[in-house]
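S.K.:
Residue numbers (this note's numbering): 2 to 255.
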């Protein structure tokens, strides 16, 4: 992935392939590398994959919220000159994608949500360990997955370093409060954008009933399940995730 990173102006992002852009929005835990499978697969199948680094910890505290991140994504899309995009978001990234689509629907051809926040209030707080020793952080990180071995040392180290950085902890809690404040339940029935929901059957962070609720409230949505899978389907079962998504994109003629 490294060779496809670009830094332009205030944006750092991964970009590969040609075609309709799939803009990937990452969550709080683990950054761009979580989407290695998507970044590998879709450029070979006629899509451009773009993964911007969201400014979760680099902006003024007043801009550390779902609304400001959505505006950041809008500005990025304009900066890149994209006309129609597919937004793919995991966890907080899904929430940012939803809020973006509510505010700026004109360029969003479709949304793909996996383990998204936006409806379920404890998602952010629970999945995000406040503090504690390394073993505790390791346990909490493993809990995100069905298979605890998915929590690599790198990932646990990353979470541990965030949890031990006072400024990042304050910003994380600010984001969590903002996610609760921007609950999307009332907005979803008005959103006509085609939406693909891909959910882990064993997601403990945003459990299966959250997916059911998204499916019920979003008028133009399809819901797919992945077995033996936790909160980050695109990491835990990349091949199955990619297959489901590609079939859905073809079916939806995107």
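C-beta: ideal position from N, C-alpha, C; glycine also.
Using only CA atoms, which one of 34, 39, 175 lies nearest to residue 245?
M.R.: Stepping through the chain shown from its first residue, residue 245 is reached at position 244. For the residues 34, 39, 175, the minimum Cα distance to residue 245 belongs to 39.
S.K.: Taking 8 Å as the threshold (C-beta atoms), are residue 27 and residue 1 in contact?
M.R.: This structure cannot speak to residue 1, because the chain is shown only from 2 to 255.
S.K.: Can you tell me where the alpha helix (DSSP H) with residue 209 in it begins and where it stops?
M.R.: Your numbering for residue 209 matches position 208 in the chain shown. Counting along the chain, the alpha helix (DSSP H) containing residue 209 begins and ends at 209-218.
S.K.: Helix, strand or coil: which one does DSSP assign to residue 152?
M.R.: Start at 1 with the first residue of the chain shown, and residue 152 comes out as number 151. Reduced to three states, the DSSP call for residue 152 is coil.
S.K.: Assuming residue 194 and residue 106 form a contact by the criterion Cβ under 8 Å, report the distance between their Cβ atoms to the nearest whole angstrom.
M.R.: Walking along the chain shown from the start, residue 194 turns up at place 193. Walking along the chain shown from the start, residue 106 turns up at place 105. With 8 Å as the limit, residue 194 and residue 106 qualify as a contact, their Cβ atoms being about 6 Å apart.
S.K.: What are the start and end residues of the beta strand (DSSP E) that includes residue 9?
M.R.: Along the chain shown, read from residue 1 onward, the residue named residue 9 stands at position 8. Looking at the DSSP string, the run of the beta strand (DSSP E) that includes residue 9 is 6-9.
S.K.: Return the chain-ordered ranges of every beta strand (DSSP E) run that is complete within the stretch 3-89 and spans a minimum of 3 residues.
M.R.: Correct list: 6-9, 12-17, 21-26, 48-53.
S.K.: Using a threshold of 8 Å, state whether the C-beta atoms of residue 65 and residue 199 are closer than that.
M.R.: As a first step, residue 65 is located in the chain shown; it is residue number 64 there, counting from the start. As a first step, residue 199 is located in the chain shown; it is residue number 198 there, counting from the start. Not a contact, by the Cβ cut-off of 8 Å.
S.K.: When burial is assigned at 16 or more other CB atoms within 10 Å of the CB, is residue 49 buried or exposed?
M.R.: Walking along the chain shown from the start, residue 49 turns up at place 48. Flag for residue 49 reads buried.
S.K.: Using alpha carbons as the reference points, say which of 4, 73, 153 lies closest to residue 41.
M.R.: What you label residue 41 is simply residue 40 of the chain shown in a count that begins at 1. Considering only alpha carbons, the answer is 4.
S.K.: For residue 163, I'd like the list of residues in its chain whose CB is within less than 6 Å of its CB, leaving aside the five on either flank, ordered along the chain.
M.R.: Position 162 of the chain shown holds residue 163. Contacts found: 169.
S.K.: Grouping DSSP H, G and I as helix and E and B as strand, with all else coil, what is residue 236?
M.R.: In the chain shown, the residue the question calls residue 236 occupies position 235. Three-state DSSP puts residue 236 in a helix.
S.K.: For residue 162, which of helix, strand or coil comes out of DSSP?
M.R.: Your numbering for residue 162 matches position 161 in the chain shown. The answer is helix: DSSP assigns residue 162 an H, G or I state.
S.K.: Which residue comes first and which comes last in the alpha helix (DSSP H) that contains residue 94?
M.R.: Along the chain shown, read from residue 1 onward, the residue named residue 94 stands at position 93. Looking at the DSSP string, the run of the alpha helix (DSSP H) that includes residue 94 is 93-104.
S.K.: Using 8 Å for Cβ pairs, my map puts residue 228 next to residue 202. What's the rounded Cβ distance?
M.R.: As a working mapping, residue 228 is identified with position 227 in the chain shown. As a working mapping, residue 202 is identified with position 201 in the chain shown. Right, the Cβ-Cβ distance comes to about 5 Å (below 8 Å), so this counts as a contact.
S.K.: In chain order, what residues of the same chain lie with their CB nearer than 7 Å to the CB of residue 157, ignoring the 5 residues before and after it?
M.R.: The residue labelled residue 157 in the question sits at position 156 within the chain shown. These residues qualify, in order along the chain: 138, 139, 142.
S.K.: How would you label residue 135, buried or exposed, when you count the other beta carbons within 10 angstroms and need 16 or more for buried?
M.R.: Against the chain shown, residue 135 aligns to sequence position 134. Per the 10 Å Cβ criterion, exposed.
S.K.: Per DSSP, what kind of secondary structure is residue 137 in: helix, strand or coil?
M.R.: Counted from its first residue, the chain shown places residue 137 at position 136. Residue 137: helix per DSSP, three-state reduction.
S.K.: Using a 10 Å radius around the Cβ and a threshold of 16 neighbouring Cβ atoms, would you call residue 190 buried or exposed?
M.R.: On the chain shown, residue 190 is found 189 positions in, with the first residue counted as 1. Exposed.
S.K.: Rounding to the nearest angstrom, what Cα-Cα distance links residue 166 and residue 93 in this structure?
M.R.: As a first step, residue 166 must be located in the chain shown, where it is residue number 165. As a first step, residue 93 must be located in the chain shown, where it is residue number 92. Answer to the nearest angstrom: the Cα atoms are 20 Å apart.
S.K.: Taking 8 Å as the cut-off, does the stretch 82-91 touch the stretch 102-121 (at least 3 CB pairs, one atom from each stretch)?
M.R.: Yes, since at least three Cβ pairs between the stretch 102-121 and the stretch 82-91 fall closer than 8 Å, the two stretches touch.
S.K.: I believe residue 146 touches residue 152 by the beta-carbon criterion, under 8 Å. Please report the beta-carbon distance rounded to the nearest angstrom.
M.R.: Here residue 146 is taken as the residue at index 145 of the chain shown, counted from 1. Here residue 152 is taken as the residue at index 151 of the chain shown, counted from 1. Contact holds; Cβ gap of about 6 Å.
S.K.: Helix or strand or just coil, what does DSSP make of residue 175?
M.R.: In the chain shown, the residue the question calls residue 175 occupies position 174. If DSSP states are grouped into helix, strand and coil, residue 175 belongs with the helices.
S.K.: Per DSSP, which residues does residue 118 bridge with? Please list them.
M.R.: On the chain shown, position 117 is the one that residue 118 refers to. Paired residue(s): none; residue 118 is not in a bridge.
S.K.: Here's the rule: buried if 16 or more other CB atoms are within 10 angstroms of the residue's CB, otherwise exposed. What is residue 73?
M.R.: Walking along the chain shown from the start, residue 73 turns up at place 72. It counts as buried.
S.K.: Compute the Euclidean distance between the alpha carbons of residue 44 and residue 178, then round it to the nearest angstrom.
M.R.: Reading the chain shown from its first residue, position 43 is the one you call residue 44. Reading the chain shown from its first residue, position 177 is the one you call residue 178. Looking at the two C-alpha atoms, the distance is approximately 36 Å.
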